[in-house]
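Colleague:
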Amino acid sequence: MASEEASLRALESLMTEFFHDCTTNERKREIEELLNNFAQQIGAWRFCLYFLSSTRNDYVMMYSLTVFENLINKMWLGVPSQDKMEIRSSLPKLLLAHHKTLPYFIRNKLCKVIVDIGRQDWPMFYHDFFTNILQLIQSPLTTPLGLIMLKTTSEELACPREDLSVARKEELRKLLLDQVQTVLGLLTGILETIWDKHSVTAATPPPSPTAGESGDLLSNLLQSPSAAKLLNQPIPILDSESEYICSLALECLAHLFSWIPLSTSITPSLLTTIFHFARFGCDIRARKMASVNGSNQNCVLGQERGRLGVLAMACINELMSKNCVPMEFEEYLLRMFQQTFYLLQKITKDNNAHTVKSRLEELDERIWSSKRRAERYKVVRELKLPLIHSQEHQKRHMEWDVSYVSYTFHEQDATLLCKGINGEKGCVSCSYIEKFTDFLRLFVSVHLRRIESYSQFPVVEFLTLLFKYTFHQPTHEGYFSCLDIWTLFLDYLTSKIKSRLADKEAVLSRYKDALVLLLTEVLNRIQFRYNQAQLEELDDETLDDDQQTEWQRYLRQSLEVVAKVMELLPSHAFSTLFPVLQDNLEVYLGLQQFVVTSGSGHRLNITAENDCRRLHCSLRDLSSLLQAVGRLAEYFIGDVFAARFSDALTVVERLVKVTLYGSQIKLYNIETAVPSVLKPDLIDVHAQSLAALQAYSHWLAQFYSEAHRQNPQQFISLVSTAMEAVTPLISSKVQEKLLLSACHLLVSLATTVRPVFLISIPAVQKVFNRITDSSAQPLVDKAQVLVCRALSNVLLLPWPNLPESEQQWAVRSTNHASLISALTRDYRHLKSSAIVPQRKIQLEDTKVIIHQTLSVLEDIVESVSGEATKSRQICYQSLQESVQVSLALFPAFIHQSDVTDEMLSFFLTLFQGLRVQMGVPFTEQIIQTFLNMFTREQLAESILHEGSTGCRVVEKFLKILQVVVQEPGQVFKPFLPSIISLCMEQVCPIIAERPSPDVKAELFELLFRILHHNWRYFFKSSVLASVHRGIAEEQMENEVQFNAIMQAFGQSFLQPDIHLFKQNLFYLETLNTKQKLYHKKIFRTTMLFQFVNVLLQVLVHKSHDLLQEEIGIAIYNMASVDFDSFYAAFLPEFLASCDGVDSNQKTVLGRNFKMDRDLPSFTQNVHRLVNDLRYYRLCNDSLPPGTVKL
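132 is the number of the first residue of the sequence shown in my numbering; add one for each residue after it.
1. Would you tell me roughly how many angstroms separate the C-alpha atoms of S836 and A704, rounded to the nearest one?
2. If you pair each beta-carbon of the segment 236-251 with each one of the segment 186-205, do three or more pairs fall below 8 Å?
3. Are three or more beta carbon pairs between the segment 764-778 and the segment 680-693 nearer than 8 Å?
4. The alpha helix (DSSP H) with G732 in it runs from where to where?
5. Out of curiosity, what's the CA-to-CA distance linking N1283 and L387?
6. Does DSSP put V726 in a helix, a strand or coil?
7. Determine the contact status of I657 and S755, defining contact as a CB-CB distance below 8 Å.
8. H1144 lies in the alpha helix (DSSP H); which residues open and close that run?
9. Check whether the Cβ atoms of V918 and V898 lie closer than 8 Å to each other.
10. How big is the Cα-Cα spacing for D677 and D671?
11. Only counting the same chain, and skipping five residues up and downstream in sequence, which positions put a Cβ closer than 7 Å to that of V1231?
12. Using only alpha-carbon positions, find the residue among K1233, G209, G174 and G277 that is nearest to D223.
13. Please determine, among T803, F261, K797 and Q833, the residue with the shortest C-alpha to C-alpha distance to V865.
14. Which residue's Cα is closest to the Cα of F468: T1278, Y194, F1053 and F567?
15. Answer yes or no: do L889 and L821 have a C-beta to C-beta separation smaller than 8 Å?
16. Pull up the distance between the alpha-carbon of S1313 and that of M1249, whole angstroms please.
17. Report back the beta-carbon spacing between W390 and A289 to the nearest angstrom; my notes put them in contact at under 8 Å.
18. If we ignore side chains and look at the alpha-carbon of each, how far apart do L1070 and A907 end up?
19. As a quick exercise: from E1068, I991, I981 and S1009, pick the residue whose alpha carbon is nearest that of T1031.
20. Report the three-state DSSP secondary structure of Q1166 (helix, strand or coil).
21. Do N1311 and G1271 have their C-beta atoms within less than 8 Å of each other?
22. Report the rounded CA-to-CA distance for V314 versus S270, giving the unit in angstroms.
23. Going by the beta-carbon positions, is the gap between G1081 and S1028 smaller than 8 Å?
24. Under 7 Å Cβ to Cβ from L1219, same chain only, skipping five residues before and after it: list those, please.
25. Would you please state the rounded distance, in angstroms, between the beta carbons of S986 and L950? I believe it to be under 8 Å.
26. Among the candidates E937, E1133, S851 and L139, whose CA atom is the shortest distance from the CA of W176?
27. Do V1095 and G1044 have their beta-carbon atoms positioned less than 8 Å apart in this structure?
28. Give the straight-line distance between the Cα atoms of G440 and R466, rounded to the nearest whole angstrom.
29. On a CA-only basis, which of E998, V942, L988 and A1023 is nearest V1014? Give me that one, please.
30. Please give the ranges of any beta strand (DSSP E) in the segment 843-918, keeping only runs that are unbroken, at least 3 residues long and fully inside the region.
31. Am I right that Q983 and D912 are in contact with their C-beta atoms under 8 Å? What's the rounded C-beta distance?
32. If L281 sits next to C383, beta carbons under 8 Å apart, how far is it from one beta carbon to the other, in whole angstroms?
33. When you compare only the Cα positions, how much space is there between H839 and I847?
34. Along the chain, which unbroken stretches of the alpha helix (DSSP H) at least 4 residues long are found entirely within the segment 1210-1259?
35. Cutting at 7 Å between CB atoms, please list the residues of its own chain near P275, excluding the five before and the five after it.
36. Could you spell out the range, first to last residue, of the alpha helix (DSSP H) harbouring W326?
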């Protein structure tokens, strides 16, 4: 005992030293090594048992339990039976004796260690393991401990880690399933007993405020009067011990529901009880009582009550998430929905909007971030006060301003209080709203199609409740989540109507009112006129992972809902949206009367604060509504073009008028009273009007094809006016946002609409003159590229509705050549100076010319790559000299990776779009030039020394070769040996030394393309082979190169890059599907089982676990080529080569691998083999040295 006491004091001293601030890292490593050595000693557990019972040092207790955990999970097989019995007896006794005094994390760790023993020994050697847990739960003094043990058992035994054999995992799950009914009965009993004990049954509850209303939703949702009465009972006030027990019981249920199947074990009584506890989450009355009474204890009580609601909803959502519902459980499911929607009615029961929102705010007590409020306050301060439209708005904004001050003042205190109350649990009440929203999402996405057919379930009434719930959400995230639910519902409705076109009108009429209401409210929510306070909160500067601001996300999600309603109810949607747009347009179009001339230019003579505020809100709304109108453009084209022509024409005429108006009076350059707010608003409206008009380019194209048969004057007028609006904006003096919107509209008119008269419009000719004028100030690069693309397309793309003879190709070809000549003037002059070394300043100037010219030319080529042959011919004729200049310049810039990168991008685009037009001789010249330039030394320099830019250069070179090897016919076949040699002898050795994935993906895609598109280069197919498949083998050629490529693929499976692994596995599977790769004699006899071996080893080492399914299927496809050889030869050889397992274990592994030949059974056998092989190795590693295995 003295030695144990001394060891304990020494361990306490070491632990204190280890966690002391002054201890160096070197000393910590020494202590760690000492502790690890102690833990490895045989019999160390006895000391640890003494430490646990004799110390109060948390570090020492945690260390001791870690020693036990390691012993049980890694060395249990080698522990003598007597020691196991002693441990199984001692640890539960220790837990029972000290569970009330131990810190919760030590207690939970001790529970897990005991459960780990059960995982190994129950029921054979630890027969009373589960019985003990049930007894703990049934004893009032140890109920909490029993529930903790039960939850830990569910977590560790139902879904155990890979340190058990598959047979043991299956045994444990079966043992647990046998106990499910008993366990659920116990948990139901605990919850019911506590509820009944604390319920106020003597007093008659007051009538519900909505009980007497006609058409009460509750009578629809709950068919049974007794059920309604039960759910209307007052919620009991629980003491803290009861709260704690109920929360543990609900946590157990939530985990059990995550893995047990839906069955009659989940009784109506249990479901009703869970719903009783779900009411705690929406019990504002009790929370208010707790806050009124004021003490910390009451506050904690209120939070705990809310937590019971969260846990109950977590149980419900676990059941809801199961898509596979047995027939016998559907009635239970309906009851669940009825009861949950009672809660939804309870949350949203008041008709007063402000009261509903207040209730949700109290259920969702989140603290707004101080940063967001500061940003919001900055805008409000700039505009003095929110815009006031009515007494109701005034009241709301006054309330908002007061709440703003109080929130800011108390924010820090509230945050601390929230943390103090909840500890590690987080903000409880906000979790309740999140859980409830999750429930609604699961209901709509998984179960609505199942439940809608029940006559006793009122779907329309449910949508009414969802509507109230959605539009009174207290946070933006909550509102976004609800919009997602509506999107799911609208998708469901759309697909239902498409599958049942016969009763389309009946389905729509059922939901029509709800959809119109939804549309109106979503539109109101994006308008400052109705929702300024919330919209000003949204951040419009910080980009998220999707490269959009919070405001853009809010608007996009709202407009998606509007668009989906438009698809279902086009006429209603349009008649709702257009008048609102018209109102805001009137304000915008009326600004001209307030424009006055001042000394420095034009000024907007609106200076009153109230007027500025009103204008700001109107402009923001107009911008949003223009986006909405643009989003709906797709619903006016195609089959409905004629039916909806009048509405679309009205929209387009208004948009053309607005864009011309903005360009003529130059509102984007005007001075305003609040420049930091109003000027961006005016620019945005102008840009959005151009973007909205661009969205209707497909409608204009359809109008053009219809109009050419009749009077085209109306169409000509629209396009000409639009061009008058665009031309003044194509200037370096115009703000970039507006400039780019104008350029995109020009591109759409030139590319999508393609009117024959476009080139003759004076406005378009002005653009031509400006772009080809070398003295004009250049546009920003992006705008220059867009304008050049538009002008090129005007000349290159065939005009619709005209025969080939009227296309005027000769004139257009001459004009296009002149355009390209003007754009490449400086670039073509570089050819003469390519051989002369350039000074640094001169080199930078040259690089700018190369960048600007090649970006324009590349874009022009890309835009015609999918067009008719004539367009591509003219394009290449115009570009021919520039292409030859590029090839001549290439060697001079081979060591400038940034220039080489741009040149190769250009050549790649040429190969993809114009290789036929370039002709064979010139294409061969380009390929040969590249092959000559990319020597091994140059490749090594690019990949190893020039970083990401150098790697991009090589990747683009390999992409060009991919295009070449895919070309059908024999033209480029002579290059195959050189290309394969380049890959295998030059690129492969360089990238093999690098862990980085750069270049590898492109290289293996090239190798795949070589095989896939040039199969006959390796396998000469004969008539005899095709007639007698399997008898005569195909003749093999270039065998050495084929072997080298296959070896490279095999080597790639040994590398850690999971993306490369997945890509290459897909390539092999594709080659097998298309070319029967695995069946070829050379693969079958020399490579097949090498690949299977590598893939199995990958599974065993768990290096690419995310690809388990794909690897299993690939192994099956390889083995299925010759199952007899796989089972008779490969499997025994594989097991014989496995180290870390003895012969008996190998025999068991082989015996358990059933000789199945279907895919599901085979892959199951593969994963069983891998799991058990890992398990046996773990067991054998845990045995003490010298152990004799019988």
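Glycine included, C-beta positions come from ideal geometry on N, C-alpha and C.
Modeller: The relevant details are as follows:
1. Between S836 and A704, the C-alpha separation is close to 27 Å.
2. yes
3. no
4. Residue range G732 to L735 is occupied by the beta strand (DSSP E) that includes G732, with no alpha helix (DSSP H) assigned at that position.
5. One C-alpha to the other measures close to 30 Å.
6. strand
7. yes
8. K1131 to H1144
9. yes
10. For D677 and D671, the gap between their C-alpha atoms comes out near 14 Å.
11. V1301, L1304 and R1305
12. Reading off the sequence, residue 223 comes out as Pro, not Asp. It is G277 whose Cα lies nearest to the Cα of P223.
13. K797
14. Here the closest residue by C-alpha is F567.
15. no
16. S1313 and M1249 have their alpha carbons spaced roughly 35 Å apart.
17. The pair is a contact, with the Cβ atoms about 5 Å apart (cut-off 8 Å).
18. 41 Å
19. I981
20. Q1166 falls in the strand class under three-state DSSP.
21. yes
22. Roughly 14 Å between the two C-alpha positions.
23. Yes, the Cβ-Cβ distance between G1081 and S1028 is below 8 Å.
24. Y1209, M1249 and V1252
25. Rounded, the Cβ-Cβ distance is 16 Å, inconsistent with contact.
26. Comparing Cα positions, the closest option is L139.
27. Taking 8 Å as the Cβ cut-off, G1044 and V1095 do not qualify as a contacting pair.
28. 18 Å
29. L988
30. none
31. 7 Å
32. 5 Å
33. When only Cα atoms are considered, H839 and I847 end up about 10 Å apart.
34. 1212-1217, 1219-1232 and 1239-1250
35. Y375, I376 and L379
36. V297 to H329
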